[in-house]
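Residue numbers (full-length UniProt numbering): 1 to 365.
Ideal placement from N, C-alpha and C gives every residue a C-beta, glycine not left out.
Note sheet for the following structure.
Shown next as structure tokens:
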């Protein structure tokens, strides 16, 4: 007998499976491909709280606590470092926006430090003159998603969760008591709880239960450079978007920005224009990258809702169905706390963190 079926082996679904197994639940996680192989494993790897909407910050702060003991949680360090996150302003209006955000979030414990042009030059001389100032969140950081996301599923398995990979779901039904999940490989599972954590493909599950959402897919453009001398000692972003970058211990710089395109339902690649735009922006913001060779580019598929907020929490139409999807490219840091929140709903009836703002009901007339 299974208590909970989790659809999707990304960081949210795998975290939920891990937290449920911690709580003694009998869990089955079903993944169409391999755990962590889609957006959870191909993202930039930013583990940041800075820049999140205010109502995401309680959940983000809880995730920050969970990330603090990543080896204790999943058994590896995942190359997680609290390097700091530097958000750059390219004009005075953008710097004013960073100042306003620092004021709005002063009660959340982010410890933001505003740096004017002179302070930025003194602290981070490798930043280009195009930046007029910045906001530093000292305890934010980055990790390797290719290591971290699959490790959550392995940790869940060690605690007794059943992990089924390469198991494409072809039919979901519900009788008076149980959800029935049927897969193309002949696997059939049934349980009173179903967690919809299937990333960009979660909308189809929600629609099946009378909760359609206006979700679209987007494909981030990413690249990594050859190893370079260690220069960049923080993870970086830009107010207003456009580019983000970090350097790992081996010297490679990982950069992202813009959009790629879909090759099919499961594959995407960055467009040439997006890659060239990343390189142009990088040369302005990080002059030490001029002439660096990009050795690999890639993309993935992420789910976006119109308000760029996720759906987290109970279904409004089917008891026992919980949703956790639509993180708009920013779910890597939140993942462990979202998994915990879903596990708390199953085991205790409610999440300890406020998640009402993320209810699927907001898309209902």
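query	result
Determine contact between the region 136 to 143 and the region 157 to 174, defined as no fewer than three beta-carbon pairs at a distance below 8 Å.	no
Does the distance from the C-beta atom of residue 255 to that of residue 223 stay below 7 Å?	yes
Are the CB atoms of residue 6 and residue 346 nearer to each other than 7 Å?	no
Quick one: Cα of residue 49 to Cα of residue 64, how far?	8 Å
By Cβ distance below 6 Å, which residues in the same chain neighbour residue 336 in space, the five residues on each side in sequence not counted?	15, 63 and 66
Just the C-alpha distance for residue 268 and residue 277, rounded to the nearest angstrom, thanks.	18 Å
Verify the CB distance criterion: does residue 291 have a CB-CB separation below 7 Å to chain B?	Note that chain B does not occur in the displayed structure, where there is just one protein chain.
Start and end of the beta strand (DSSP E) containing residue 323?	321 to 325
Please report the straight-line C-alpha distance between residue 98 and residue 237, rounded to a whole angstrom.	12 Å
Can you name the residues that DSSP bridges to residue 197?	Its beta-bridge partners do not exist; DSSP assigns none.
Leaving out the 5 sequence neighbours to the left and right, which residues in its chain are closer than 7 Å to residue 110 when beta-carbon positions are compared?	49, 50 and 137
How should residue 258 be labelled, buried or exposed, when 16 other C-beta atoms within 10 angstroms of its C-beta is the threshold for buried?	buried
From the DSSP output, in three-state form, read off residue 264 for me.	coil
Would you call the CB atoms of residue 94 and residue 226 closer than 7 Å?	no
Examine the Cβ distances between the region 319 to 327 and the region 176 to 195 and report whether three or more of them are shorter than 8 Å.	yes
Are the beta-carbon atoms of residue 12 and residue 324 separated by less than 7 Å?	yes
Distance check for residue 165 and residue 358, CA to CA, integer angstroms please.	28 Å
In whole angstroms, what is the alpha-carbon distance linking residue 101 and residue 126?	25 Å
Can you name the start and end residues of the beta strand (DSSP E) that residue 304 belongs to?	302 to 304
I'd like to confirm the pairing. Which residues does DSSP put opposite residue 114 in its beta bridges?	135
Note down, one range per segment and in chain order, each alpha helix (DSSP H) of at least 4 residues found wholly within the region 15 to 63.	39 to 42
Ignore the nearest five residues each way along the sequence and tell me which others in residue 178's own chain have a CB closer than 7 Å to its CB.	190, 191 and 192
Quick one, which of 281, 17, 221 and 28 has its alpha-carbon nearest residue 298's?	221
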